[in-house]
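Note sheet for the following structure.
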Amino acid sequence: MRGILITFEGVEGSGKSTQAELLGEYLKQSGFDVILSREPGGTQIGEQIRNILLNPEYQQMDARTELFLYLACRNQHVREKILPALKMGKVVILDRFADSSAAYQGCGRELGEKFVSRLNKLVTAGLKPHLTILINVPVDVGYERKGTAILDRMEKEEVKFHERVRNGYLRMARRATGRIKVVPGNRSPEEVQSDIRALVDSFLSGKGRRKKCKKE
Ligand SMILES: Nc1ncnc2c1ncn2[C@@H]1O[C@H](COP(=O)(O)OP(=O)(O)O)[C@@H](O)[C@H]1O
Ligand SMILES: [Mg+2]
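Heads up: the sequence shown is residues 87 to 302, going by my numbering.
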């Protein structure tokens, strides 16, 4: 597998989508072949599953139904899009991936992080991100940023739920310091991006990947 998988994680409004876009631009300018994708979603089927998952009308959704929909979405994403891109040597940047399920369904819904991690392994075919950027902001900071936007089903969850998610993420980061890098997110987008670029640069040079993946 010649490609590189970089994932963005964090609570709602932490800046994942903003930072993923900016990193994508940076790596494209550096000559990498970059694919940006998101979860839930990423494929035609996945986007349909996303509509079900985030529909604020589906308040009756059971936690396990939710988990299996996320996993189904991820399974399709990995096999249809991520693995083929990595085999072609691309840099794949994901706005959420498997850690989101461990944090949201494992910790937020309290289904158990280990239980969710086992199921994650099934659908990711053992694929792990090379680097995960966890953007850390207090839950209320993320919420303020969302402003008056209509909230989706997950965003509508109570503050306690999102606190469990945030704490879950931070616990996971402490256990996987090599892969998961915590970046303080309560700063300007430019400052956050600058830290992320430094982390990515150091990862790439450490792996000697820069030359390999660079277009001529
Ligand atoms: N560092 C930042 N400071 C202030 N506002 C931000 C910052 N990063 C993103 N935003 C804004 O906050 C909102 C949520 O950011 P977004 O990137 O969509 O977060 P996420 O994808 O993690 O939910 C957007 O309106 C975005 O423009
Ligand atoms: Mg987003």
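The beta carbon of each residue, even a glycine, is placed where N, CA and C say it ideally should be.
Here the structure is a predicted model, which is why all the values come from computation and not from measurement.
In terms of Cα proximity to K176, the closest of F118, G271 and R124 is F118. Under the criterion of beta carbons closer than 8 Å, S186 and E125 qualify as touching, at roughly 7 Å. No residue range can be given for T234, since it is assigned to no alpha helix (DSSP H) and is classified by DSSP as neither H nor E. A189 places its beta carbon 8 Å or farther from that of N206.
Taking 8 Å as the cut-off, the Cβ atoms of V251 and A259 do not count as close.
Assignment of K214 by DSSP, reduced to helix, strand and coil, places it in the coil class.
For ligand 1, no non-hydrogen atom lies closer than 7 Å to the CB of S280. Annotated as proximal: L197 and L153, with beta-carbon spacing under 8 Å.
In the DSSP assignment, T104 falls within the alpha helix (DSSP H) that extends over K102 to Q115. Shown in chain order are the residues whose CB sits closer than 7 Å to a heavy atom of ligand 2: K102, S103 and D181.
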